[in-house]
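In UniProt numbering, the protein residues as written are 1 to 336.
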């Protein structure tokens with residue numbers, strides 16, 4: 001288990017070393033006079049192909065399908081490749097935290113027959129369906145802005161619907177015994193978290209529990225890894241997002257009206273050869289791959305060199321001192 005790292009302690013830790021500059025020079029843009037690719041916003045259409053979907057809400061960027069919902073700033077794809085990544089990530093997280101629901105929540109709320117559970121931003125519903133098989137007597141609901149819900153395999157105690165936590169969710173006050181939310185750090189702006197948490201508090205029953213899982217940034221690794229990590233941080237901040245939200249959620253939860261219970265922190269070591277840490281190495285490589293339309297420009301990597309860059313990134317994560325990635329669950333409760 002890792003220790004909290006203050007935001008101030010991270011300042012000045014990232015620098016562009018000679019080895020990074022050498023690699024960038026070897027893989028520079030074809031024309032030295034060509035400006036770097038700008039970070040695309042949700043409304044940009046340059047080099048983007050429209051893609052018709054059931055909700056007319058998808059666009060294609062560099063061969064990957066992304067949502068086209070103007071109200072959302074989420075910058076990961078919603079295609080089959082991304083759904084596969086999320087499924088693999090789910091089971092790695094379940095192993096890392098030894099379960100789907102933090103024991104600190106289970107000690108306070110009894111998820112017995114008829115208990116209602118909500119997953120906010122559920123995506124393909126992997127967490128939800130896994131919990132549904134573990135707790136067949138509970139009623140489970142998943143909401144997401146994008147229609148990426150499973151259509152064929154679905155436990156009978158699971159329902160999916162469209163919803164936006166920044167607006168009014170389609171549920172009455174005091175509906176749910178337990179609410180889960182995971183990895184919305186790339187979906188919410190810094191100033192939107194308080195709105196989201198207040199809406200979660202509204203639909204949570206008195207005495208019910210809420211867990212939010214987010215990650216830290218890549219704060220340990222060699223110069224190459226820290227360069228990639230800093231670029232990711234810079235892109236997040238340019239989009240109005242908070243890279244270290246996992247470490248500030250306690251105060252936002254309290255401001256929203258929750259009783260804060262605990263922050264549970266786990267480190268993943270991307271240089272270790274065991275299956276679990278290898279799964280997280282695969283996951284973070286694919287996160288960097290999935291965000292290519294937003295990262296390639298700031299990194300200075302031309303599209304035809306991005307796969308080589310990913311191979312380099314994966315290899316560098318395994319070199320001394322070894323890259324580390326922290327995952328954090330924050331648990332809170334609504335006043336009974």
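Where a beta carbon is used, it is the ideal one built from N, C-alpha and C, also for glycine.
- Taking all protein chains shown into account, residue 211 has 16 or more neighbouring C-beta atoms within 10 Å of its C-beta and is therefore buried.
- Among the bridge pairs identified by DSSP, residue 259 is matched with 333.
- Counting the other CB atoms within 10 Å of its CB gives residue 153 a total below 16, which places it among the exposed residues.
- If you check the CB distance, residue 119 and residue 164 do not come in under 8 Å.
- DSSP, read as helix, strand or coil, puts residue 180 in strand.
- At least 8 Å separates the beta-carbon of residue 136 from that of residue 221.
- Listed as beta-bridge partners of residue 319 by DSSP are no residues whatsoever.
- Shown here, residue 205 sits in a strand according to DSSP, grouped into three states.
- Taking the C-beta atoms as reference points, residue 108 is found nearer than 8 Å to residue 333.
- Two segments are said to touch when three or more pairs of C-beta atoms, one from each, lie closer than 8 Å; by this definition the stretch 155-164 does not touch the stretch 96-114.
- For residue 117, the uninterrupted beta strand (DSSP E) run begins and ends at 116-120, by DSSP.
- Straight through space, the alpha carbons of residue 198 and residue 254 are spaced by roughly 10 Å.
- Listed as beta-bridge partners of residue 162 by DSSP are 144.
- Going by C-alpha positions, residue 285 is about 7 Å away from residue 310.
- Note on residue 308: under 16 other CB atoms within 10 angstroms of its CB, so exposed under the neighbour-count rule.
- Nearest C-alpha to residue 328 among 313, 248 and 288: 248.
- Nearest C-alpha to residue 281 among 270, 287, 275 and 288: 270.
- Shown here, residue 106 sits in a helix according to DSSP, grouped into three states.
- In this structure, residue 216 lies near residue 246, with their beta-carbon atoms less than 8 Å apart.
- Contact holds between the stretch 127-142 and the stretch 110-117, because three or more Cβ pairs, one in each stretch, are under 8 Å apart.
- CA-to-CA, the gap between residue 79 and residue 124 works out to about 10 Å.
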